[in-house]
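> What follows is a single structure, and I will ask about it in a moment.
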Amino acid sequence: MLYWIYDLPAWKVELGFVALFVGFTWFGLIFVRPFLRLWLRKQAGVNDVVGYFLSLFSVIYGLLLGLLAVASYQNLSDVEQSVVREASSVAALYRDVSSYPEPDRQELQSLLREYTRYVIEEAWPLQQKGIIPTGGTDRVDVFQASLMKFEPQSASQEIIHAEAFRQFNNFIELRRMRLYQVETGIPAILWYTVGIGALINALLIWMFEVRLPALFLLGGLVMFFTATMVCLVALMDNPFRGEVSITPKAFQLVYDGLMNK
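Written out as structure tokens, the structure reads:
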């Protein structure tokens with residue numbers, strides 16, 4: 001996968017895909033098509049044969065691109081929901097420890113604020129580069145140690161402490177899920193399949209016995225839409241990378257609205 005595309009604006013990536021796909025098709029119409037015409041010139045009804053195979057192939061290839069687009073969007077949506085749930089668990093945990101007596105309350109709240117700020121300012125930029133951040137582990141360990149040393153002195157404190165631990169375990173699970181999802185994406189073998197499919201699509205277009213200007217227009221339109229679909233899948237493939245990605249907005253809302261009052 002060409003990860004450098006995530007460093008560019010979405011419109012530049014789209015323009016690059018269109019230029020590559022359409023340009024390659026037009027290049028083949030000029031330089032490859034004449035040789036194909038020599039090879040196929042004795043074939044009767046070549047347009048009917050090529051048209052049949054192009055229709056059949058377009059259904060298969062279109063289905064592949066459609067399924068990949070749906071899978072990419074669903075993955076993006078699932079990861080976003082996971083991030084929102086993690087931020088919500090941090091907020092719930094913060095409210096739970098707010099019921100602790102001093103000085104434990106102040107210490108635990110401070111640790112959660114520091115962790116949330118770390119996620120926003122340090123962890124997220126690393127995720128946007130495809131790097132799994134590791135700095136949060138030490139912060140979580142410190143918070144866990146501080147939480148475990150608290151000894152409830154009443155029945156109400158025991159209930160609050162048990163709920164805080166339950167929420168803490170939920171937070172750990174969601175955090176681990178987010179870290180795992182940093183490198184999630186479509187397998188490379190599927191991208192090879194998409195590339196081979198685009199090549200076959202162009203090859204079938206080159207085989208048509210139609211006037212060259214008409215092929216330039218029709219072939220260009222087909223490959224323009226193909227490039228748009230492939231670009232869409234590529235931009236959504238990695239949920240934390242590029243312009244079409246998940247932001248730390250959920251954590252920022254928790255930090256601004258709850259922790260930084």
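Following this note's numbering, the numbering of the sequence shown begins with 1 at its first residue and continues without gaps. We put the beta carbon where it would ideally sit given N, CA and C, even for glycine. Bear in mind that the values here come from a model prediction, so they are computed numbers and not experimental data.
#1: What do you get for Trp124, buried or exposed, if any count of 16 or more other CB atoms within 10 angstroms of its CB means buried?
#2: Please classify Glu102: does DSSP put it in a helix, a strand, or coil?
#3: Helix, strand or coil for Phe150, going by three-state DSSP, please let me know.
#4: So Leu8 is in the alpha helix (DSSP H); what residue range does that whole segment cover?
#5: Quick check: the Cα distance between Val90 and Met259, rounded to an integer number of angstroms?
#6: Kindly list the residues whose CB is nearer than 6 Å to the CB of Glu209, restricted to its own chain and excluding five residues on each side of it in sequence; keep chain order.
#7: Give the single residue among Gln181, Gln127 and Asp104 whose Cα lies nearest to the Cα of Ala152.
#8: Taking only three categories from DSSP, how would you classify Thr134?
#9: Looking only at its own chain, which residues have a Cβ that is under 8 Å from the Cβ of Trp26, when we skip the five neighbours before and after it?
#10: Considering only the beta carbon of each residue, do Phe143 and Leu174 sit closer than 7 Å?
#11: Classify Gln181 as buried or exposed, calling it buried when 16 or more other Cβ atoms lie within 10 Å of its own Cβ.
#12: What's the call for Asn169, buried or exposed, on a 16-neighbour Cβ count within 10 Å?
#13: What residue range does the alpha helix (DSSP H) around Asn238 cover?
#14: Run the CB neighbour count on Arg211, radius 10 Å, all protein chains shown included, and call it buried at 16 or more, exposed below.
#15: Are three or more beta carbon pairs between the stretch 71–87 and the stretch 192–205 nearer than 8 Å?
Taking the geometry as given:
#1: By the neighbour-count rule (16 or more Cβ atoms within 10 Å), Trp124 is buried.
#2: Glu102 falls in the coil class under three-state DSSP.
#3: Note: Phe150 maps to coil in three-state DSSP.
#4: Boundaries cannot be given for Leu8, as no alpha helix (DSSP H) includes it and DSSP labels it neither H nor E.
#5: Here the alpha carbons of Met259 and Val90 stand approximately 10 Å from one another.
#6: Closer than 6 Å at the Cβ level, and outside the excluded window around Glu209, lie Val46 and Asn47.
#7: The residue asked about is misnamed: residue 152 is Pro in this sequence, not Ala. Of Gln181, Gln127 and Asp104, the residue nearest in Cα terms is Asp104.
#8: For Thr134, the three-state secondary structure derived from DSSP is coil.
#9: Take Trp26, set aside five residues on each side of it, and the residues of its chain with a beta-carbon closer than 8 Å to its own are Phe216, Gly219 and Gly220, in chain order.
#10: With a cutoff of 7 Å on beta-carbon distance, Phe143 and Leu174 are scored as not near each other.
#11: By the Cβ neighbour-count rule, Gln181 is buried, with 16 or more other Cβ atoms within 10 Å of its own.
#12: Result: exposed.
#13: Looking at the DSSP string, Asn238 is not in any alpha helix (DSSP H), and its letter there is neither H nor E.
#14: Exposed: under 16 other Cβ atoms inside 10 Å.
#15: Contact fails: fewer than three Cβ-Cβ distances are below 8 Å.
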